[in-house]
Amino acid sequence: IRRVPQDRKNLLVGYHVCCLRCGFNTPALAGNDGLDIDEGDAPDDLTFSKALRCTFCRVLMHVAHGELRLEEDADVRHIRFR
Numbered sequence: 142i143r144r145v146p147q148d149r150k151n152l153l154v155g156y157h158v159c160c161l162r163c164g165f166n167t168p169a170l171a172g173n174d175g176l177d178i179d180e181g182d183a184p185d186d187l188t189f190s191k192a193l194r195c196t197f198c199r200v201l202m203h204v205a206h207g208e209l210r211l212e213e214d215a216d217v218r219h220i221r222f223r
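Numbering (the numbering used here), first residue to last: 142 to 223.
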């Protein structure tokens, strides 16, 4: 997970979130589709108000207190790498 902009003194635009399932980076923009991003005092204390869907493999990514949890549903693409 990488903050945009990286300097925490600046206004939050969003985060780049790397999917643990496929490795694709998905943007999480603050305010987009009702997404609220809560940043704690520590740089790794981060919570999203709702799940983010990976742009490539479509898995749901839940971020709560800096922990990323994946959830597969009917929309997930089953991808194989060669």
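Ideal Cβ positions, reconstructed from N, Cα and C, are used throughout, including at glycine.
- [ ] Classify residue 175 as helix, strand or coil using the three-state DSSP reduction.
- [x] As a first step, residue 175 must be located in the sequence shown, where it is residue number 34. Here residue 175 sits in helix by DSSP.
Open item on the list: Since residue 198 and residue 222 should fall inside the 8 Å C-beta cutoff, what is the C-beta to C-beta distance between them, to a whole number of angstroms?
Closed with: On the sequence shown, residue 198 is found 57 positions in, with the first residue counted as 1. On the sequence shown, residue 222 is found 81 positions in, with the first residue counted as 1. With a Cβ gap of about 11 Å, residue 198 and residue 222 do not count as contacting.
Open item on the list: Pop quiz: residue 211 and residue 201 are said to be a contact at Cβ under 8 Å. What is the actual Cβ separation, rounded to whole angstroms?
Closed with: Position 70 of the sequence shown, counted from the first residue, corresponds to residue 211. Position 60 of the sequence shown, counted from the first residue, corresponds to residue 201. Yes, they are in contact, since the Cβ atoms of residue 211 and residue 201 sit about 7 Å apart, within 8 Å.
Open item on the list: Is the beta carbon of residue 158 closer than 8 Å to that of residue 142?
Closed with: Here residue 142 is taken as the residue at index 1 of the sequence shown, counted from 1. Here residue 158 is taken as the residue at index 17 of the sequence shown, counted from 1. In contact: residue 142 and residue 158 (Cβ atoms closer than 8 Å).
- [ ] Name, in chain order, the residues that DSSP records as bridge partners for residue 210.
- [x] Counting from 1 along the sequence shown, the entry for residue 210 is found at position 69. Looking at the DSSP assignment, residue 210 forms a beta bridge with 203.
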